[in-house]
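Please read the structure below before turning to the comments.
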Amino acid sequence: MALSGMRGLSVFISDIRNCPNKEQERLRVDKELGNIRTRFKNEKGLSPYEKKKYVWKMLYIYMLGYDVDFGHMEAVSLISAPKYPEKQVGYIVTSCLLNENHDFLRLAINTVRNDIIGRNETFQCLALTMVGNIGGREFAESLAPDVQKLIISSSCRPLVRKKAALCLLRLYRKNPDVVNVDGWADRMAQLLDERDLGVLTSSMSLLVALVSNNHEAYWSCLPKCVKILERLARNQDVPQEYTYYGIPSPWLQVKTMRALQYFPTVEDPNTRRSLFEVLQRILMGTDVVKNVNKNNASHAVLFEALALVMHLDAEKEMMSQCIALLGKFIAVREPNIRYLGLENMTRMLMVTDVHDIIKRHQAQIITSLKDPDISIRRRALDLLYGMCDVSNAKDIVEELLQYLSTADFAMREELSLKAAILAEKFAPDLSWYVDVILQLIDKAGDFVSDDIWFRVVQFVTNNEDLQPYAAAKAREYLDKPAIHETMVKVSAYLLGEYSHLLARRPGCSPKEIFSIIHEKLPTVSMSTVAILLSTYAKILMHTQPADPELQNQIWAIFNKYESCIEVEIQQRAVEYFALSRKGAALMDILAEMPKFPERQSSLIKKAEDVEVDTAEQSAIKLRAQQQQTSTALVVADQSSANGTSPVNQLGLVKVPSMSSSVDHNSTDPGMAQPNGTLTKVDPQPQPPSPSPSPDLLGDLLGPLAIEGPPVDGESEQNVVSGLEGVAAVDAAAIVPVTVQTNAVEPIGNIAERFHALCLKDSGVLYEDPYVQIGIKAEWRGHHGRLVLFLGNKNTSPLVSVQALILPPSHLKMELSLVPETIPPRAQVQCPLEVMNLRPSRDVAVLDFSYKFNTNMVNVKLRLPAVLNKFLQPITVSAEEFFPQWRSLSGPPLKLQEVVRGVRPMPLLEMANLFNSCHLMVCPGLDPNPNNLVASTTFYSESTRAMLCLSRIETDPADRTQLRMTVASGDPTLTFELKEFIKEQLVSIPIAPRPPAPVPPTPSVAQPVPPAAPSNDPGAMLAGLL
């Protein structure tokens, strides 16, 4: 393909390379396309040399990323040229410009067929290469018989035959009917007798595809595959060009062993013995060396041999040898080898009689839990979980508990669940089980699901001997100054039921138990308050005849919660107060809970439902799982026969759900993929699936699966239109930390993308011609979890990828490892853990850079971890609002400001804006219909859950000003929240957007009442303000 003789093409390429910017390049390309179009219109005056030159220029322009919507016919016509230079250009350009569904390909089918059946081997290779690249059902139906004849032809050179085998493989994947099973079984057996390793390797790829669909028809190929392995293992008749770093054709060895794994078993004893001798030779001859390339090749052969050994259920001696070899691998420094060793040892667990051998490496596996690579830590956790039994459960669980304090947030829920399951399944005694669960809750309360503490309560209730011990341990944990809310729940329940068993111990009298539990009441949520009320009632029941002082204290609490807004709390308070007046009869009514009926553990059931690849019993199941996983990940092209590596194998449970509105033990399928997972994306459209894909950026190159900045729709406009002032630093979402010198221009309004993400939890943060950055976030209390979706939109890899988080002082942020290279048309998911330490409006910055071809791009983007993400809206009644408002009197806890320059908006739009910022508008509290009252709860590590109240007084005659009052129990929070609300309301010049239509009847604006009675809540609020 010498292009040096085409001076015009060389000059054009030089001009493109010398363009100073993208605009100059576009002008030069448009000029050249116009010239080519003009010359093609006068096709009769074109010489073959000129036509070839212009087609080359079209291909170069297409490779630069520009659309070439003409000239296809000229490229196809070159295929029928009689000379090699023109024919070569025609085949290459047609393969690049046209896909399998293009109409022009039908014009070339006859020419391609003539080249395939012709005698010119060069033309045959060109035709087979193009058919193999493009594929398509029409090519498969028309050309498959001729391609099959080439494969079995004895007169063709090996170069043509191996290309024909790969071409038939592509056609078979597109249309399996092109290969007749009955006629091809014997032909495949003949092909496996081939001496040329190139033809043999191509034929083996074809065999793998054939036996994956129907192994029954190809039993005659099994002994041939074993003979090929024998030949390669003994290095017999292997040419030097097929020896890679001293290893005879490692690619052929891997494919042969993979083909053998699709057969259920090897029945012939001689063949089985020969195969095991080969596998023994591979196991004995593989070791870790310094040469990386040799390591890669030898380990590819070795791990395929291990999979075949497991599939064939080899003798225990060979299994022991395999595990010993894997034990050496998990102790080396190279992380990739350690990962593969842990992964294959996990698969070995399902082989019988090898658990004791694997236990010998327990210390090294535990050491892998502290590896810097999170993927190795996950594999070590899976392996420890699978190898645990009664003999080593205590040691493994203690190691997991010790590791829990330093584990990543992404692993803590999985780690907690596995430790709880192991403690339940293999507990030497129940007191140890109680100790383990309470330690779990103490160390990782946010990541312990309710199922775990429900289960320990069931055990304690059903075992009377355990009850005093469990109550005493719960009492010890309550002495700590700061404990998790889940610990408050389980301790309160146990002490409510069994504290009377500790009455004679020091510090365990009913008054002292009540006092220490009641200290936790102000810091807990409503769901825990319900448990505490039940505990108080139980304490009263156990102290009959009642202590008057203790009884009055508990009655006062019941009276307080009789008017609670939560129906559950209110009902409990009313009923417990009424029951506590019944005296001794209370002991019968509130007697101890009966024993729970025997049932399957919900934790073990969850483990069975989400079983990982340790349950694989054969390589056939592994192959099937890989194909299913591939179908789930590849959005468009679901016809691949080989499949991709299984992705969802890393843990027993998925990433912890952070949504405050969802049960904590639920999981989000969209967050199930592990860190750094690559998802291949095909640009071809697919019919809609019955259920939405959990992948946020699943179809990266088609219609986006995530929400971009809202353009249409009344509700979206109402929400986003109030966010022009959300930034505390700059109106643009690219932070001007340094001067941006990027030649790449972003797509879309970046400021609007950032503003939209401040009000919702998923969307596109940044996009340019090469990369797309999406975000999916979940928030719970003062914790947050963001997943950054880094998508490569092009057919070339993105290299030198770096992502650095610049957090403000009030946020603690931890970003997982970001790969340096993103493959073509692929995406990477990178979790980011966030913890809010104190109130602030400062914004975290993502410093993202990458290199595409010669372009080095660096952008600094604000992340939407803003103040309102840590707000939880709450509705308050008049009875709850006024006492709080009175208690927060004057600065700095209550601040008032007259705000001018407000962007005029209807009251309903302002209410929608407040609701979208997680400030709950409470109608009916203010008598003036032009005012708004809102409430919310702010979460941070320093303030915990703190109630915030606000009032907005507007003037109907002048919507550009208003008076705002904000109150909370923390001076810093009051100031920051006031400024945050002010930023939402003050008008900042940005690109204009069409106004949102206002409904004719606003739900907030009420007719002004003629007169408010003295006990009216609105009148009371007006008097207070």
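Numbering of the sequence shown is given in our numbering, commencing with residue 163 and proceeding in unit increments. C-beta atoms are modelled at their ideal positions from N, C-alpha and C, and glycine is treated no differently.
Asked: Leaving out five residues on either side along the sequence, give the residues of the same chain with a beta carbon under 7 Å from the beta carbon of glutamate 392.; Found: Ser436, Val440
Asked: Considering only the beta carbon of each residue, do isoleucine 520 and serine 530 sit closer than 8 Å?; Found: no
Asked: From this set, Asp551, Lys580, Ser553, which residue's C-alpha is nearest tyrosine 565's C-alpha?; Found: Lys580
Asked: Excluding five sequence neighbours on each side, which residues of the same chain lie with their C-beta closer than 6 Å to the C-beta of leucine 1029?; Found: Arg1003, Phe1142
Asked: Rounded to a whole number of angstroms, what is the C-alpha to C-alpha distance between arginine 443 and alanine 395?; Found: 7 Å
Asked: Do the CB positions of glycine 297 and leucine 333 come within less than 8 Å of each other?; Found: yes
Asked: Could you check which residue in Ala718, Ile727, Asn282, Pro307 has the C-alpha nearest to that of tyrosine 738?; Found: Ala718
Asked: Identify which residue in Pro1001, Thr697, Glu1145 has its Cα closest to the Cα of serine 1194.; Found: Here the chain comprises residues numbered 163 to 1187, so residue 1194 is not present and cannot be evaluated.
Asked: Flag this pair as yes or no: are the beta carbons of valine 450 and isoleucine 492 separated by less than 8 Å?; Found: no
Asked: Under the three-state reduction of DSSP, which class applies to isoleucine 912: helix, strand or coil?; Found: helix
Asked: Which residues mark the beginning and the end of the beta strand (DSSP E) in which methionine 1126 is found?; Found: 1120-1130
Asked: Below 8 Å between beta carbons: does that hold for lysine 700 and glutamate 659?; Found: yes
Asked: With a cut-off of 8 Å, do at least 3 Cβ pairs link the stretch 1043-1055 to the stretch 1015-1025?; Found: no
Asked: Out of Arg666, Asn282, Val619, Phe676, which one is the CA nearest neighbour of proline 759?; Found: Val619
Asked: What residue from Leu328, Gln310, Val1061 has the CA that sits closest to threonine 1127's CA?; Found: Val1061
Asked: Name, in chain order, the residues that DSSP records as bridge partners for arginine 947.; Found: Glu940, Glu995
Asked: Quick one: Cα of phenylalanine 232 to Cα of isoleucine 178, how far?; Found: 21 Å
Asked: How is the alpha helix (DSSP H) around arginine 509 delimited, first residue to last?; Found: 497-510
Asked: Closest by CA to isoleucine 390, which one among Leu372, Leu563, Arg420?; Found: Arg420
Asked: Once the 5 residues before and after histidine 972 are set aside, which same chain residues still bring their CB inside 6 Å of it?; Found: Leu999, Arg1000, Ser1002
Asked: Can you list, in chain order, the residues of its chain with a C-beta nearer than 6 Å to that of glycine 875? Leave out the 5 residues immediately preceding and following it.; Found: Because the pLDDT at glycine 875 is just 38, under 50, the model does not fix this residue reliably, and the value given afterwards should be weighed accordingly. Result list for glycine 875: empty, nothing under 6 Å.
Asked: Could you check if isoleucine 727 is buried or exposed, using at least 16 other CB atoms within 10 Å of its CB as the buried criterion?; Found: exposed
Asked: Can you tell me whether threonine 1116 is helix, strand or coil according to DSSP?; Found: strand
Asked: Can you check the stretch 636-676 for any alpha helix (DSSP H) of at least 4 residues that lies completely inside it and give the ranges in chain order?; Found: 647-660
Asked: How many whole angstroms separate the CB atoms of lysine 1140 and leucine 1069, which I take to be in contact at a CB cut-off of 8 Å?; Found: So it is not a contact: roughly 20 Å between Cβ atoms.
Asked: Report the partner residues of alanine 326 according to the DSSP bridge assignment.; Found: Beta-bridge pairing links alanine 326 to no other residue.
Asked: Taking only the alpha-carbon atoms, compute the straight-line gap between leucine 784 and leucine 470 and give it to the nearest angstrom.; Found: Its pLDDT being 39, under 50, leucine 784 is placed unreliably by the model, and the measurement read from it follows with that caveat. Distance between the alpha carbons of leucine 784 and leucine 470 is about 11 Å.
Asked: Measuring CB atoms only, is the stretch 502-521 touching the stretch 543-552, in the sense that at least three cross pairs come out at less than 8 Å?; Found: yes
Asked: Starting from the Cα of serine 411, find the closest Cα among His377, Thr433, Asn458, Pro385 and give me that residue.; Found: Asn458
Asked: Quick one: give me the first and last residue of the alpha helix (DSSP H) that valine 238 is part of.; Found: 234-239
Asked: Between serine 317 and glutamate 356, what straight-line distance do the alpha-carbon atoms span, to the nearest angstrom?; Found: 14 Å
Asked: Compute the Euclidean distance between the alpha carbons of glutamate 187 and arginine 169, then round it to the nearest angstrom.; Found: 19 Å
Asked: Helix, strand or coil: how does DSSP classify glutamine 398 here?; Found: coil
Asked: If you follow the beta strand (DSSP E) that glycine 925 is part of, which residue opens it and which one closes it?; Found: 924-929
Asked: For the alpha helix (DSSP H) that asparagine 1074 lies in, which residues bound it at each end?; Found: 1069-1078
Asked: Rounding to the nearest angstrom, what Cα-Cα distance links asparagine 337 and tyrosine 228 in this structure?; Found: 32 Å
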